Amino acid sequence: MVWTDFLSAIALVLVIEGLMPTLNPEGWRSTMQRMGEMEAISLRKIGIVSMVAGATLLYFIRSSS
303 MVWTDFLSAI ALVLVIEGLM PTLNPEGWRS TMQRMGEMEA ISLRKIGIVS MVAGATLLYF
363 IRSSS
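If you count the sequence shown from 1, you need to add 302 to reach our numbering.
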């Protein structure tokens, strides 16, 4: 992996992260407030599921090319 791939991935994450507050700011704010009220263990579970899903998707994308 070259640094340009890594930096491109980071840039894409920033673009995707910016979509929801741009397209639906009130919905995004409401979601963030509800997440702020969640227990830490629930947030950790969401994070773990997200990481596993992302790593699995990346594995399949990279192995098929």
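Think of the CB as a built atom: it goes at the ideal place given N, C-alpha and C, for glycine as much as any other residue. Everything numeric in this text was worked out from a predicted model, so none of it was measured.
Check, Outcome
"Taking 8 Å as the threshold (C-beta atoms), are residue 340 and residue 330 in contact?", "no"
"So, using beta-carbon positions, are residue 337 and residue 345 closer together than 8 Å?", "yes"
"DSSP three-state call for residue 366: helix, strand or coil?", "coil"
"In whole angstroms, what is the alpha-carbon distance linking residue 314 and residue 306?", "12 Å"
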